[in-house]
Ligand code: ADP
Ligand code: MG
């Protein structure tokens with residue numbers, strides 16, 4: 072019996088790509104994360120939601136190495152990455168997008184993605200990087216924008232460029248912070264399809280999004296943060312029906328008024 076249990080535990084662990092254990096992030100007196108746990112399994116899209124200020128961006132910042140957590144541990148692909156710097160994390164396969172896109176505005180769309188290919192997980196020559204960048208842009212639906220300056224892109228194109236740059240890092244785990252925010256319904260649909268295609272390439276995704284409908288459409292599992300703690304996790308529909316989640320969102324709506 073013991074052997075079976077141990078075997079099951081190990082096979083579960085093999086599927087675990089990211090394990091955030093009791094992660095706390097304090098900013099002065101504010102606990103942006105308060106002993107938050109999050110498990111992300113290989114190949115899944117995990118939707119991460121929660122009211123404004125609940126700690127979603129902070130969790131992405133901690134996972135991608137922008138902040139060292141005040142307490143807790145992060146295990147990625149079997150290795151302890153607590154406190155690892157963003158560059159090292161990018162090299163072992165953690166990439167992210169920013170809530171506000173951060174392109175190099177002095178470069179073309181193509182060169183923004185080519186730079187990521189040059190300095191990503193495997194080094195590429197400028198020429199190879201530019202060829203790969205064309206493929207990545209085609210994948211993201213931006214082939215025709217390749218030679219434009221970034222400043223000519225609209226919001227949806229900038230958001231998809233942000234995704235293309237992250238993909239050029241060949242991540243195992245891609246953290247998306249509100250990539251669909253501010254997009255109109257047909258752009259959101261394009262984004263949902265693009266994110267599915269990214270997952271189909273074998274990338275695991277954590278998808279932070281305010282648009283709960285998009286999260287329910289896309290996510291294999293969902294987790295909800297409230298005041299820096301995970302209050303629910305599991306099947307998207309069940310999570311959204313959870314009274315604790317309903318209460319957290321009603322609280323948010325009340326505060327927003
Ligand atoms: P979300 O992305 O869920 O809206 P955030 O993670 O951005 O929430 O913020 C969680 C809490 O932490 C908020 O109260 C926010 O004001 C605070 N916070 C986030 N980043 C910082 C920072 N760099 N310095 C101080 N407080 C911060
Ligand atoms: Mg945020």
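Residue numbers (the numbering used here): 72 to 328.
Even for Gly, the Cβ is constructed at its ideal location relative to N, Cα and C.
Considering Cα atoms alone, identify which of 88, 153 and 182 is closest to residue 235.
182
If we ignore side chains and look at the alpha-carbon of each, how far apart do residue 242 and residue 259 end up?
23 Å
Using DSSP with H/G/I as helix, E/B as strand and the rest coil, what is residue 92?
strand
Any idea if residue 284 is buried or exposed, counting beta-carbon neighbours within 10 angstroms, 16 or more meaning buried?
exposed
Let's see if you can read the secondary structure: which residues bound the beta strand (DSSP E) around residue 301?
300–305
Residue 248 Cβ short of 7 Å to ligand 2 heavy atom set
yes
Inter-residue CB distance, residue 301 and residue 108 (contact presumed, cutoff 8 Å)
6 Å
At what residues does the alpha helix (DSSP H) containing residue 221 begin and finish?
Element bounds for residue 221: n/a, residue is neither H nor E.
Using DSSP bridges, identify the partner residues of residue 163.
Note: residue 163 sits in no beta bridge, so no partner.
If we count the other Cβ atoms within 10 Å of its Cβ and call it buried at 16 or more, is residue 310 buried or exposed?
buried
Compute the Euclidean distance between the alpha carbons of residue 286 and residue 299, then round it to the nearest angstrom.
19 Å
State yes or no: is the C-beta of residue 137 nearer than 7 Å to some heavy atom of ligand 2?
no
Residue 213 in three-state terms, based on DSSP
coil
Taking residue 119 as the reference, give the member of 201, 164, 247 and 214 with the closest Cα.
247
Test item: CB-CB of residue 14 and residue 306 under 8 Å
Because the chain spans 72 through 328 in this model, residue 14 falls outside it and cannot be assessed.
Beta-carbon proximity list for residue 147, same chain, < 6 Å, skipping 5 on both sides:
89
Kindly indicate which three-state DSSP category residue 151 falls into: helix, strand or coil?
strand
So what's residue 40 in DSSP terms, helix, strand or just coil?
As shown, the chain starts at 72 and ends at 328. That puts residue 40 outside it, with no answer to give.
Tell me whether residue 318 sits in a helix, a strand or coil according to DSSP, three-state version.
helix
Using 8 Å as the threshold, is the stretch 151–159 in touch with the stretch 314–323, meaning 3 or more CB pairs across them?
no
Under a criterion of Cβ closer than 6 Å to any non-hydrogen atom of ligand 1, which residues qualify, in chain order?
98, 101, 103, 121, 123, 124, 125, 126, 127, 128 and 129
What's the gap between the Cα of residue 244 and the Cα of residue 277?
8 Å
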